[in-house]
Structures are given as structure tokens and as C-alpha cells.
Amino acid sequence: MITLYTHEISGHSHRARLLLDILGLEYQIERVDLMAGEHKQPEFLTLNPFGQVPVLVDDEVVLSDSTAILVYLALRYDAQRQWLPRDPLQAARVQRWLSVASNEVVRGPGNARLVKLLGAGHDLEKAQQMAARLYTLLDQTLEQGQWLVGDDPTLADIAIYSYTAVAHEGGVDLAPYPNVLAWLERVRDINGFTEMTIQPREEAA
Ligand SMILES: N[C@@H](CCC(=O)N[C@@H](CS)C(=O)NCC(=O)O)C(=O)O
């Protein structure tokens, strides 16, 4: 059985959850109370010494880092290799966007959202400027095609989606980026898609 340790406010966690849902995998959610500091307690640190969600447990496998989890799930459970293509150049292009998801997305829209939602001590103006630069480039990329890499959605789209969908929560307006807005809708149309704002499963039950 797969278990995903998450918190509902976490865009990193949503990436992992989104792929689990799209692949139609059975899994359970273990909510980690970030506000209560549960992620820094010894029990959780044995799963991820960095003290961060998400963490995926799949039988004997314990894996942290959202993009690492995406790669693992795609290689293990997507026999068609749609989500992480076999072609070396396409795979490298997907990796390029996974790096953007771990860097520019976090430092831009991610940090702006943390300031606005939780009062985190990041420089809001700088984060919003980084977001504007990121979405200008993303908009240009999406002028060339429907998806970030190739003709079908890949891990690249999943990894960039989660924080982009809630960019407004960090005061980042996506109206100037029509290609990004249209792409968000295309991601929402993928079979199995689930939005980040849904209740954690144990509370919804
Ligand atoms: N590189 C990690 C970053 C994960 C991350 O920053 N998670 C946040 C929640 S969105 C967290 O757990 N923060 C708590 C902390 O860093 O203390 C990933 O991609 O999963």
C-alpha cells in the first residue's frame, strides 16, 4: 500500500498527489500537521531527515522530495512512459522543468504565497518579480505548444501546475499570461485530476 505524507496547503505535496490520482493508484493520506511542527518530530525525521513533506512510502520504499517522487511513480507505474518519456532528449527536457519547479517556482510564486498566507519572512516584492519573470517565460513556451514538453502532458506539467494554480494567493495575477491560463485548464481536464484545495481524505470521509 502506498502512503503519502502531506499537508493540504503544500503545493509540493499536491504534485505527488496529482500524479497518484492521474495514474489511478490506490493510496492513503497521512496528514502531517506542519503548523504544529509535526514534521520536525523524531518520528517524521526518520522518514525525511530534512523535515519536509511530501514523503511517499511504498512498501519498503521511503522517498522524499516531490520531483523525486514524481520520477519514481512514473518509472514504476506508468508502463506507457507518457509521464517521463523514454527518449533521452524529451526526458532531459522534462528534467529541466522539474528543476524549475524546485527553484524558480518555489522562490517566485511559492514564496510569495508563503508570505501572504503564513506571514513568512521572504521578500514579497522580489518573489513576485521572480514569478512575473517565470510566467513570462512560461507563457512564451506555451505559445509554441499545448504542453511544456512534446505533444502530451508529462511530469513537467504536473510539477509546474500546483503552485501556478494558486499563484493568486501570493498576489501574483496570471491575467497577463493567457497561454498559462489556457494550459492550467488543460491540466484540469486530465483524467483523474484533483485540485489542491480539496479536503484531506481523512477529514472528507
Ligand atoms: N525539495 C522538497 C521541498 C519540500 C518542501 O519545501 N516542503 C514544505 C511544504 S510545501 C515543507 O515541508 N516545509 C517545512 C520545512 O521546510 O520546515 C520537495 O520538492 O519536496
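In full-length UniProt numbering, the protein residues as written are 1 to 205. Backbone N, C-alpha and C fix where the C-beta goes; we use that ideal spot for every residue, glycine too. Quick caveat, the model's predicted, so the values are computed rather than measured.
Cβ-heavy atom distance, residue i to ligand 1, below 8 Å
| i | result |
| --- | --- |
| P153 | no |
| V71 | no |
| Q80 | no |
| T67 | yes |
| S13 | yes |
| I190 | no |
| K116 | no |
| H122 | no |
Where residue i falls, given that 16 or more other Cβ within 10 Å makes a residue buried
| i | result |
| --- | --- |
| F44 | buried |
| E195 | exposed |
| E104 | buried |
| R133 | exposed |
| D157 | buried |
| A127 | buried |
Alpha-carbon to alpha-carbon, residue j and residue i
| i | j | result |
| --- | --- | --- |
| A79 | D123 | 43 Å |
| G192 | L23 | 7 Å |
| M1 | E38 | 23 Å |
| E30 | S162 | 19 Å |
| I9 | T197 | 8 Å |
| D151 | P42 | 44 Å |
Opposing strand residues paired with residue i [DSSP bridges]
| i | result |
| --- | --- |
| V55 | Y5 and S64 |
Residue range of the beta strand (DSSP E) that includes residue i
| i | result |
| --- | --- |
| residue 219 | Because the chain in this structure spans residues 1 to 205, residue 219 falls outside the shown range and cannot be described. |
Bounding residues of the alpha helix (DSSP H) (the contiguous stretch that carries residue i)
| i | result |
| --- | --- |
| N179 | P178 to R188 |
| E38 | First-last for E38: undefined, no H or E at that position. |
| A131 | L124 to Q144 |
| R96 | P88 to S102 |
| S13 | G11 to I22 |
| R113 | N111 to L118 |
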